[in-house]
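So the protein sequences, as listed, match chains A and B. Note that my numbering has the first sequence beginning at 6, numbered continuously upward. Note that my numbering has the second sequence beginning at 6, numbered continuously upward. Even for Gly, the Cβ is constructed at its ideal location relative to N, Cα and C.
2 protein chains.
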Amino acid sequence: MNQVQKGKIICAPATSGGGAIALIRVSGQGAVETLSEIFQPADNQIDITKAKGYSLILGTISSHDEFIDQVLVSVFRAPHSYTGEEMVEISCHASPFIQHRIIEILIEKGVETAAPGEFTMRAFMNGKMDLSQAEAVADIIAADSEAAHRLAASQLRGGFSAGIEKLRHELVTFASLIELELDFSEEDVQFANRFAMTETVIKIKDMVDRLASSFRLGNAIRKGIPVVIAGRPNVGKSSLLNLLLQEERAIVSDIPGTTRDTIEEVLHLGGLLFRFIDTAGLREGGDEIEELGMERTRSKLRAAEVVLAVAEATDTDESIAALAASIGEITGNSGARLIVLVNKSDLITRKRIAELKRELKDICPCPALFVSASQSEGIEQVRKQLIASVETGKLDNPQYIVTNARHYEALKNVSDSLRRVLDGFRDGIPTVLIATDVRQSIYYLGQITGRITPDDILGEIFSKFCIGK
Amino acid sequence: MNQVQKGKIICAPATSGGGAIALIRVSGQGAVETLSEIFQPADNQIDITKAKGYSLILGTISSHDEFIDQVLVSVFRAPHSYTGEEMVEISCHASPFIQHRIIEILIEKGVETAAPGEFTMRAFMNGKMDLSQAEAVADIIAADSEAAHRLAASQLRGGFSAGIEKLRHELVTFASLIELELDFSEEDVQFANRFAMTETVIKIKDMVDRLASSFRLGNAIRKGIPVVIAGRPNVGKSSLLNLLLQEERAIVSDIPGTTRDTIEEVLHLGGLLFRFIDTAGLREGGDEIEELGMERTRSKLRAAEVVLAVAEATDTDESIAALAASIGEITGNSGARLIVLVNKSDLITRKRIAELKRELKDICPCPALFVSASQSEGIEQVRKQLIASVETGKLDNPQYIVTNARHYEALKNVSDSLRRVLDGFRDGIPTVLIATDVRQSIYYLGQITGRITPDDILGEIFSKFCIGK
Chain A
6 MNQVQKGKII CAPATSGGGA IALIRVSGQG AVETLSEIFQ PADNQIDITK AKGYSLILGT
66 ISSHDEFIDQ VLVSVFRAPH SYTGEEMVEI SCHASPFIQH RIIEILIEKG VETAAPGEFT
126 MRAFMNGKMD LSQAEAVADI IAADSEAAHR LAASQLRGGF SAGIEKLRHE LVTFASLIEL
186 ELDFSEEDVQ FANRFAMTET VIKIKDMVDR LASSFRLGNA IRKGIPVVIA GRPNVGKSSL
246 LNLLLQEERA IVSDIPGTTR DTIEEVLHLG GLLFRFIDTA GLREGGDEIE ELGMERTRSK
306 LRAAEVVLAV AEATDTDESI AALAASIGEI TGNSGARLIV LVNKSDLITR KRIAELKREL
366 KDICPCPALF VSASQSEGIE QVRKQLIASV ETGKLDNPQY IVTNARHYEA LKNVSDSLRR
426 VLDGFRDGIP TVLIATDVRQ SIYYLGQITG RITPDDILGE IFSKFCIGK
Chain B
6 MNQVQKGKII CAPATSGGGA IALIRVSGQG AVETLSEIFQ PADNQIDITK AKGYSLILGT
66 ISSHDEFIDQ VLVSVFRAPH SYTGEEMVEI SCHASPFIQH RIIEILIEKG VETAAPGEFT
126 MRAFMNGKMD LSQAEAVADI IAADSEAAHR LAASQLRGGF SAGIEKLRHE LVTFASLIEL
186 ELDFSEEDVQ FANRFAMTET VIKIKDMVDR LASSFRLGNA IRKGIPVVIA GRPNVGKSSL
246 LNLLLQEERA IVSDIPGTTR DTIEEVLHLG GLLFRFIDTA GLREGGDEIE ELGMERTRSK
306 LRAAEVVLAV AEATDTDESI AALAASIGEI TGNSGARLIV LVNKSDLITR KRIAELKREL
366 KDICPCPALF VSASQSEGIE QVRKQLIASV ETGKLDNPQY IVTNARHYEA LKNVSDSLRR
426 VLDGFRDGIP TVLIATDVRQ SIYYLGQITG RITPDDILGE IFSKFCIGK
């Protein structure tokens, strides 16, 4: 890798402004030696240049007799560090001035400021983690729900990589059979039964496709599950949303740094993050499709994982079913799940509720819940239905869920290559051409863990990281 | 101290949101034992409960088989820690979810969340630092200029405390003489020469007053030196300000977290932070004092450390002098330094500049600088004059500069008590009454370092800290 030069020492703050303590990371061969020029241990018996890995040393940082701060220094020796290189971490007081000065005098000593993600990139380059694990580092920092954290944690610990490696192994085994045939192609030998080979490819492609299809769920979990609220004005969409969010606000507010710069409302339920997207001005009734024709509303609905269709208890069963049908027409086979919420249930009798429930059961294919925003009734049911609408069962095997768009693209490419292999078998294409597609499928799969990765892809992956990581 | 209970373990995040890494601090007897319930060292030969102080251990935090994060744990043993208690610092990925979960499971294990400043308060209670040093911790974190940092660093390292202790020692010596006299009061003995005693008190009071008077400078350095820009509209105040700030913006922008939520513009010059405060609608001319009569403008000018009075080169020397005089009347003996800036110097000839300079020298008591905002001329001179207007020489002895309003109040009280002692000597007041004032002066001085400090003052001091410190 040309981005990482041997012996180049990099530094960066690993914490962001504010707080009581700040951490500055320094990595590269000679990091400890360089630090020793500006760091005096409190115990003058200690020689930091001789410190073993995993030493923690108290002392002061100063430059030309200018006292800068009392700090705690952690020493790591290659390869037992985050980057796999010699490293020091300086824990100082979180003053912008102090951080700035420490980095300034490190630069005076020849240390360079790190690019975003450069620490993790070095970890990858030094074989401390594969590419999908490195990507999980960024994900685990950004994870803001239990499910997103579980996916990232599993990926970071190599669960996902192991799954990909298993697939890759099967492909490589298959490829070796094909290559063997090529070596003996002049003799026109077919070593393996083409039928058995087709079966193998179908099996692998099936696994690849299943992984790729998990991206919709994985991405939704990572970014928050999009829930679109639809219904005509004044049916109580906002009141329902406020009721849903009520407890959540209290839960979120006591974690420092969780406030999000988003106009959407978010809700944590059952370890999942739901993002609520409002659509204004949707009217019920099958003949109103023109009214919702605006492409914005259509695309929001199609991108939704869940649609909450809000109607009123005083509506007829036909008009409620029509609302559901008109939404269903738009979402089509996008995979969005529809939940009908019949609001203002306090305005009708229990008898009428039971009746309406029966009627809807027959003519509406989706679950219908009766709620009353004004009386705060039925909200718990909505929460349960929201959780149930996500296939949380799949989360028990987080290693088989794709969360990263780059991995998804790679899997799609693998699948395309394998389809071409199958077509080739069917059409009796020469083995030499089939072998090309097999090699390509292995190449694409290798991109995920970084077994085969062009430099430009690497640069792109790590530039999305924050500085200091 | 009733706020700190023995055996109560506290925890808090020590870094703020964002960044790559977050630090969670845990302090109190049993902190390591508690952590061991949720932490598994990567090297399973390691038993964290047996770890020595200053150990650094890699491992994972999990709860009921739920993997939470891979972390680095620093172990500190009492009394060799920040608080003087057993401590652990958990360095985890900076995800809000992870931080929240770790604190959550620590709480499950009986750890309590720390109040703001509680870690430093414990350090004070355990004798790790005196009160003025503890206060310097908050100051050093907030310091955003070199001078402010130097003052806070000197205070943190005990320089200021040493100065106060020296004063206190002199007062105590003096007090013991007075008390001795009291013991023998029935015999009507005067051990010490009253004249010599008066001299001693005058000497001490002088030092106290000099310290107290340094508060204006110290406070200005800590908070930024207020510079008010005055002058009638369209003389080029904004252009001059922009020119002054030009380089600064670039310098500030590369330090993360330095953006300040203030409407004032700030400028770093010569290690000092200047805060520029604009006053609109000030007209030159002695007869215009009514126009600037608004109390807001007056109070801004009085609170200024420096006033930049901006005039135009085409103005007469009398009108410039009148502007300076009208400002001088308002600032009075507030100590504000006035600098006259004659802008648009490019509009007049060099001969006229020399002439105007001579004229102003005779009728205006303050420095006058000729600048041209449009031609970017003379700005360097303004910068130098700004730095020169602050008595930076005093910064060579930062231990004699008061930065804290509480210390200032205490010193004022010491001075008042000593004045009463002097009055008593002069008026021949009985020694028993004089002794009361001497004791009070010692009490007030002791408040600064915490030798004598009521509980309520302590609570107030530490509540201003950030969480995790």
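Note to self: What would DSSP say about B:V426, mapped onto helix, strand or coil?
What the structure shows: As a working note, residue 426 of chain B is residue 421 in the second sequence. Here B:V426 sits in helix by DSSP.
Check: So B:V142 packs on B:L156, CB below 8 Å; how close in whole Å?
Finding: Locating residue 142 of chain B in the second sequence gives position 137, counting from the first residue. Locating residue 156 of chain B in the second sequence gives position 151, counting from the first residue. Actually they are not in contact, since the Cβ atoms of B:V142 and B:L156 sit about 13 Å apart, beyond 8 Å.
Notebook entry, point to check: Could one say the Cβ of A:A19 lies closer than 7 Å to chain B's Cβ atoms, at least one of them?
Noted result: The residue labelled residue 19 of chain A in the question sits at position 14 within the first sequence. Judged by the 7 Å Cβ criterion, A:A19 is in contact with chain B.
Notebook entry, point to check: How big is the Cα-Cα spacing for A:R425 and A:L450?
Noted result: Counted from its first residue, the first sequence places residue 425 of chain A at position 420. Counted from its first residue, the first sequence places residue 450 of chain A at position 445. A:R425 and A:L450: Cα-Cα distance of roughly 16 Å.
Notebook entry, point to check: Closest Cβ-Cβ distance between B:C405 and chain A: below 7 Å?
Noted result: Start at 1 with the first residue of the second sequence, and residue 405 of chain B comes out as number 400. As written in the sequence, residue 405 of chain B is Tyr, which differs from the Cys given in the question. Closer than 7 Å: no.
Next item on the list: Quick one: residues in its chain with C-beta nearer than 8 Å to the C-beta of B:V31, no 5 flanking neighbours on either side, listed in chain order?
Entry: As a position in the second sequence, residue 31 of chain B is number 26, starting the count at 1. Result list for B:V31: I14, I15, C16, T39, L40, M92, V93, E94, I95, L111, V116, in chain order.
Next item on the list: List the residues of chain B that A:P46 touches, going by C-beta distances under 8 Å, in chain order.
Entry: By 1-based counting over the first sequence, the position of residue 46 of chain A is 41. What A:P46 touches in chain B: nothing, since even the nearest Cβ is about 11 Å away.
Notebook entry, point to check: In chain order, what residues of the same chain lie with their CB nearer than 6 Å to the CB of B:L20, ignoring the 5 residues before and after it?
Noted result: Counted from its first residue, the second sequence places residue 20 of chain B at position 15. For clarity, residue 20 of chain B is Thr in the given sequence; the question names Leu instead. Sequence-distant partners of B:T20 (beyond 5 residues in either direction) whose C-beta falls short of 6 Å from its own C-beta, in its chain, are A27, L28.
Check: Under three-state DSSP, which class holds A:F200?
Finding: For the purposes of this step, residue 200 of chain A is taken as residue 195 along the first sequence, with counting starting at 1. A:F200 falls in the helix class under three-state DSSP.
Note to self: For B:D149, would you say it is in contact with chain A, using Cβ-to-Cβ distances shorter than 7 Å as the test?
What the structure shows: Within the second sequence, the letter at position 144 stands for residue 149 of chain B. Output row for B:D149: interface = yes.
Margin query: Is the beta carbon of B:S100 closer than 7 Å to that of B:D135?
Written below: Residue 135 of chain B sits at position 130 when you count from the first residue of the second sequence. Residue 100 of chain B sits at position 95 when you count from the first residue of the second sequence. No, the pair does not count as a contact, with Cβ atoms beyond the cut-off.
Notebook entry, point to check: Which residues, in chain order, does the segment 89-104 of chain A contribute to contact with chain B at a C-beta distance below 9 Å?
Noted result: Listed by position, the residues of the segment 89-104 of chain A near chain B (Cβ gap below 9 Å) are E94, S96, H98, A99, S100, P101, F102, I103, Q104.
Notebook entry, point to check: For A:S60, which residues in chain B fall below 8 Å Cβ to Cβ?
Noted result: As a working mapping, residue 60 of chain A is identified with position 55 in the first sequence. In chain order: Y59, L61.
Notebook entry, point to check: For A:Q45, which of helix, strand or coil comes out of DSSP?
Noted result: Translated into the one-based positions of the first sequence, residue 45 of chain A becomes position 40. A:Q45: strand per DSSP, three-state reduction.
Note to self: For B:P372, list the residues DSSP reports as bridge partners.
What the structure shows: Here residue 372 of chain B refers to the residue found at position 367 of the second sequence. None; B:P372 has no bridge partner.
Checklist line | Counterpart residues of B:I392 in DSSP-defined beta bridges | finding: Against the second sequence, residue 392 of chain B aligns to sequence position 387. Partner(s): none; B:I392 has no beta bridge.
Checklist line | Exposure label - A:V437; buried when at least 16 CB within 10 Å | finding: What you label residue 437 of chain A is simply residue 432 of the first sequence in a count that begins at 1. Exposed, because fewer than 16 other Cβ atoms sit within 10 Å of the Cβ of A:V437.
Notebook entry, point to check: A:E30 lies in the beta strand (DSSP E); which residues open and close that run?
Noted result: Looking up residue 30 of chain A in the first sequence gives position 25. Reading the sequence as shown, one finds Arg at residue 30 of chain A and not Glu. Here the beta strand (DSSP E) through A:R30 covers 26-32.
Checklist line | Within-7 Å CB hit, A:A83 to chain B | finding: Along the first sequence, read from residue 1 onward, the residue named residue 83 of chain A stands at position 78. Contact with chain B is absent for A:A83, since none of that chain's Cβ atoms lies less than 7 Å from the residue's Cβ.
Check: Using the C-alpha atoms, what's the distance from A:E140 back to A:S468?
Finding: In the first sequence, residue 468 of chain A corresponds to position 463, counting from 1. In the first sequence, residue 140 of chain A corresponds to position 135, counting from 1. Taken atom to atom, the span from the alpha-carbon of A:S468 to that of A:E140 is near 11 Å.
Check: If A:V443 sits next to A:A180, beta carbons under 8 Å apart, how far is it from one beta carbon to the other, in whole angstroms?
Finding: Here residue 443 of chain A is taken as the residue at index 438 of the first sequence, counted from 1. Here residue 180 of chain A is taken as the residue at index 175 of the first sequence, counted from 1. Indeed they touch by this definition, with Cβ atoms about 5 Å apart.
Next item on the list: Note down the Cα distance separating B:I66 from B:P18, rounded to an integer number of angstroms.
Entry: What you label residue 66 of chain B is simply residue 61 of the second sequence in a count that begins at 1. What you label residue 18 of chain B is simply residue 13 of the second sequence in a count that begins at 1. Taking the Cα positions, B:I66 is about 16 Å away from B:P18.
Item checked: Reduced DSSP secondary structure (H/G/I, E/B, other) of B:N348 -> One-based indexing of the second sequence puts residue 348 of chain B at position 343. B:N348 falls in the strand class under three-state DSSP.
Checklist line | Cβ pair B:Q404, B:G223 closer than 7 Å | finding: As a first step, residue 404 of chain B is located in the second sequence; it is residue number 399 there, counting from the start. As a first step, residue 223 of chain B is located in the second sequence; it is residue number 218 there, counting from the start. No; because the gap between Cβ atoms is not below 7 Å, this pair is not in contact.
Note to self: Beta-carbon within less than 8 Å of A:K417's beta-carbon, same chain only, minus the 5 sequence neighbours each way: which residues are those?
What the structure shows: For the purposes of this step, residue 417 of chain A is taken as the residue at position 412 of the first sequence. So the qualifying residues of the chain are A217.
Next item on the list: Please check if any C-beta of chain A sits within less than 7 Å of the C-beta of B:S468.
Entry: Counting from one through the second sequence, the residue named residue 468 of chain B turns up at place 463. Answer no: the Cβ-Cβ gap between B:S468 and chain A never drops below 7 Å.
Notebook entry, point to check: By the criterion of Cβ-Cβ separation under 7 Å, what are the contact partners of A:A158 in chain B?
Noted result: By one-based count along the first sequence, residue 158 of chain A stands at place 153. Within 7 Å Cβ-Cβ: F72.
Checklist line | Where A:F279 falls: helix, strand or coil (DSSP) | finding: Along the first sequence, read from residue 1 onward, the residue named residue 279 of chain A stands at position 274. Secondary structure at A:F279: strand, using DSSP grouped into helix, strand and coil.
Margin query: By alpha-carbon positions, which one of A:K133, A:G122, A:Q50 ends up nearest to A:T454?
Written below: Your numbering for residue 454 of chain A matches position 449 in the first sequence. Looking at the Cα atoms, A:K133 is the closest of the given residues.
Notebook entry, point to check: Under a three-way DSSP split, which group does A:M92 fall into?
Noted result: Locating residue 92 of chain A in the first sequence gives position 87, where the first residue counts as 1. Reduced to three states, the DSSP call for A:M92 is strand.
Checklist line | Exposure label - A:T408; buried when at least 16 CB within 10 Å | finding: Within the first sequence, residue 408 of chain A is the residue found at index 403, counting from 1. By the neighbour-count rule (16 or more Cβ atoms within 10 Å), A:T408 is buried.
Next item on the list: Can you give me the Cβ contacts of A:G12 inside the same chain, cut-off strictly under 8 Å, excluding the 5 residues immediately before and after it?
Entry: Looking up residue 12 of chain A in the first sequence gives position 7. Here A:G12 has G33, Q34, G35 as same chain residues with Cβ atoms under 8 Å from its own Cβ, once five neighbours each way along the sequence are excluded.
Notebook entry, point to check: When burial is assigned at 16 or more other CB atoms within 10 Å of the CB, is B:L352 buried or exposed?
Noted result: Counting from 1 along the second sequence, the entry for residue 352 of chain B is found at position 347. With fewer than 16 other Cβ atoms inside 10 Å of its own Cβ, B:L352 counts as exposed.
Item checked: Cut-off 8 Å between Cβ atoms - residues of its own chain near A:T54, not counting five sequence neighbours on either side -> Numbered from its first residue, the first sequence carries residue 54 of chain A at position 49. Same-chain partners within the cutoff: V37, E38, S41.
Notebook entry, point to check: Are A:D74 and A:I103 touching if we call contact CB-CB under 7 Å?
Noted result: Position 69 of the first sequence, counted from the start, is the residue given in the question as residue 74 of chain A. Position 98 of the first sequence, counted from the start, is the residue given in the question as residue 103 of chain A. Cβ atoms of A:D74 and A:I103: closer than 7 Å.
Check: Could you check where the beta strand (DSSP E) with B:T436 kicks off and where it finishes?
Finding: If you number the second sequence from 1, residue 436 of chain B lands on position 431. Following the DSSP letters along the chain, one finds B:T436 in no beta strand (DSSP E) but inside the alpha helix (DSSP H) bounded by residues 436-454.
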